[in-house]
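J.:
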Amino acid sequence: MITALVPVDLARRPVNLLRRVARLLARARAQRLHVVIGHNDRGGICDRILKKLCAHHGAVLVSGTFYGGEVNMARLRNEAIEHVKTPLTLLLDADVYVDRDVLASVGASVLANERPFQVLPCLYLSRRGSSDLVRHRVSPESLLNDYLRFRRAPFLHMAIPSSVTIFRTEDYRRAGAFDSGFSGHGYEDLDFLIRLGWLYDAIPRSNEMLIDAPVRAPLLASGFRGQLARLALPSLLRGQVAFHLWHSTRRDIYYEARTRNASRFQQKLADQLPSAAAVATAPVATFDLSLIGAWSDMCRRNNVDVNRYSVLFDNRPGHADRLDTPMRRLKFLLGSY
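What follows is the structure, encoded as structure tokens:
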């Protein structure tokens with residue numbers, strides 16, 4: 276019913292990424308989830324190991340030297356989806372965990388036309404939280420409940436929206452596929468999700484979409500992020516959440532590309548908006564209550580106590596009161612934390 280579309284380029288931290296891919300393939304095999312991996316083959320030993328891993332776990336590997344230079348996730352997804360044969364596609368990364376029951380439930384709702392597609396919130400886990408989840412010391416449901424109760428050590432932050440999306444495979448081309456003009460880190464997933472949303476008139480075509488103002492509190496998002504966040508609220512209410520597994524990140528050229536991608540994204544948005552909206556100046560980002568109102572209304576309609584989700588209004592950095600590493604404890608004791 277569902278095929279996970281996973282881009283893999285082993286140019287950066289290949290051993291670390293290969294380990295994450297191996298875990299993902301093992302989970303997918305246990306869940307009976309189809310996987311298609313788009314792989315940019317750079318001819319290294321880790322690339323050869325990846326091919327053996329895919330053969331062992333029965334995953335489809337779409338491998339080739341598709342480009343040189345910067346990692347291009349968009350190009351790899353476009354190559355991989357040509358080999359998807361199921362009615363539904365899941366956008367997934369190697370470091371994301373989605374529970375089997377969540378996949379089945381969301382997939383069934385999309386096939387039943389309850390929603391044309393579904394974006395999942397993604398809870399970013401700390402090293403400790405990730406270890407507990409992958410070692411089955413805690414269930415996904417328990418982790419989500421701990422987050423809602425303000426437990427801090429297992430978590431970094433909640434991303435609403437995220438790129439983890441289930442949609443009808445036929446809609447991939449109808450929405451225009453991924454734009455391979457985005458390379459390096461950032462914005463190619465947001466660009467695709469907006470076009471997918473426009474396909475079903477799920478988000479507006481207004482100059483509000485030109486606001487790019489990231490915030491830490493999930494329900495304080497505005498601009499295009501706020502509009503995309505609305506698409507994830509039904510899953511959040513049902514507890515249908517993906518989990519991002521911790522891994523080390525170092526600043527390199529892959530992340531430096533984000534500024535360039537942001538400029539491309541803004542220009543594309545302006546070009547695709549109606550002429551009146553495109554020429555209008557983007558409104559200044561202000562404290563926006565519309566997403567909060569949408570969430571409150573949804574909770575009220577479903578007889579859910581909105582106070583249970585108070586953590587979604589928390590705008591502190593994800594590490595602000597976590598003392599789960601020796602360095603954070605030392606900084607706290609020295610008064611510099």
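Residues 276 to 612 (the working numbering) make up the sequence shown, in order.
Quick reminder that beta carbons are idealized off the backbone N, C-alpha and C, glycines included.
Computed from a prediction, not measured in an experiment: that's the story for all the values here.
1) Closest to residue 322 by CA distance: which of 447, 472, 545 and 288 is it?
2) Run the CB neighbour count on residue 407, radius 10 Å, all protein chains shown included, and call it buried at 16 or more, exposed below.
3) Give the straight-line distance between the Cα atoms of residue 418 and residue 549, rounded to the nearest whole angstrom.
4) Need the endpoints of the beta strand (DSSP E) that residue 422 sits in, please.
5) Among 340, 486, 394 and 421, which one has its Cα closest to the Cα of residue 537?
6) Taking the alpha-carbon of residue 369 as reference, which of 503, 303 and 602 has the nearest alpha-carbon?
7) Quick check: what's the CA-CA separation for residue 424 versus residue 379?
8) Would you kindly work out how many angstroms separate the C-alpha atoms of residue 523 and residue 483, rounded to a whole number?
9) What separation, rounded to the nearest whole angstrom, lies between the Cα atoms of residue 469 and residue 578?
10) Does any residue of chain C have a CB that is nearer than 8 Å to the CB of residue 357?
11) Output the boundary residues of the alpha helix (DSSP H) element that contains residue 289.
12) Taking C-alpha atoms, which residue in 391, 411 and 465 lies nearest to residue 694?
13) Look at the alpha carbon of residue 294 and the alpha carbon of residue 514, and state the distance between them as a whole number of angstroms.
14) Does DSSP put residue 277 in a helix, in a strand, or in coil?
15) Using DSSP with H/G/I as helix, E/B as strand and the rest coil, what is residue 612?
16) Alpha carbon to alpha carbon, how far is residue 478 from residue 503?
17) In terms of alpha-carbon separation, which member of 364, 394, 362 and 363 lies closest to residue 512?
18) Where DSSP assigns a beta bridge to residue 430, which residues make up the other side?
T.: With the given structure in hand:
1) Position 47 of the sequence shown, counted from the first residue, corresponds to residue 322. The shortest Cα separation from residue 322 among 447, 472, 545 and 288 belongs to 288.
2) As a first step, residue 407 is located in the sequence shown; it is residue number 132 there, counting from the start. Looking at its Cβ environment, which holds 16 or more other Cβ atoms inside 10 Å, residue 407 is buried.
3) One-based indexing of the sequence shown puts residue 418 at position 143. One-based indexing of the sequence shown puts residue 549 at position 274. Those two C-alpha atoms are separated by around 43 Å.
4) In the sequence shown, the residue the question calls residue 422 occupies position 147. It is not in any beta strand (DSSP E) - residue 422 instead sits in the alpha helix (DSSP H) that spans 415-423.
5) Position 262 of the sequence shown, counted from the start, is the residue given in the question as residue 537. Residue 537 has its Cα closest to that of 486, out of 340, 486, 394 and 421.
6) To locate residue 369, count along the sequence shown from 1; it is residue 94. Ranking 503, 303 and 602 by Cα distance to residue 369 puts 303 first.
7) Counting from one through the sequence shown, the residue named residue 424 turns up at place 149. Counting from one through the sequence shown, the residue named residue 379 turns up at place 104. Across the structure, residue 424 and residue 379 are spaced so that their CA atoms are roughly 26 Å apart.
8) By 1-based counting over the sequence shown, the position of residue 523 is 248. By 1-based counting over the sequence shown, the position of residue 483 is 208. Each residue's Cα considered, the two are about 35 Å apart.
9) Numbered from 1 along the sequence shown, position 194 holds the residue referred to as residue 469. Numbered from 1 along the sequence shown, position 303 holds the residue referred to as residue 578. Roughly 30 Å between the two C-alpha positions.
10) In summary, chain C is missing from the structure at hand, where a single protein chain is found.
11) By one-based count along the sequence shown, residue 289 stands at place 14. Per DSSP, the unbroken alpha helix (DSSP H) holding residue 289 starts and ends at 289-306.
12) Residue 694 falls outside the range modelled here, since the chain spans only 276 to 612, and no answer is possible.
13) Sequence index remark: in the sequence shown, residue 294 carries index 19 (1-based). Sequence index remark: in the sequence shown, residue 514 carries index 239 (1-based). Answer to the nearest angstrom: the Cα atoms are 28 Å apart.
14) In the sequence shown, the residue the question calls residue 277 occupies position 2. Residue state, collapsed to three classes: strand.
15) The residue given as residue 612 occupies position 337 in the sequence shown. Low local confidence applies: a pLDDT of 44 at residue 612 is under 50, so the model's placement there is unreliable, and no value is given.
16) Counted from its first residue, the sequence shown places residue 478 at position 203. Counted from its first residue, the sequence shown places residue 503 at position 228. Taking the straight line from one Cα to the other gives about 7 Å.
17) Locating residue 512 in the sequence shown gives position 237, counting from the first residue. Among 364, 394, 362 and 363, the Cα nearest to that of residue 512 is on 394.
18) Translated into the one-based positions of the sequence shown, residue 430 becomes position 155. In DSSP, residue 430 forms a bridge with 400.
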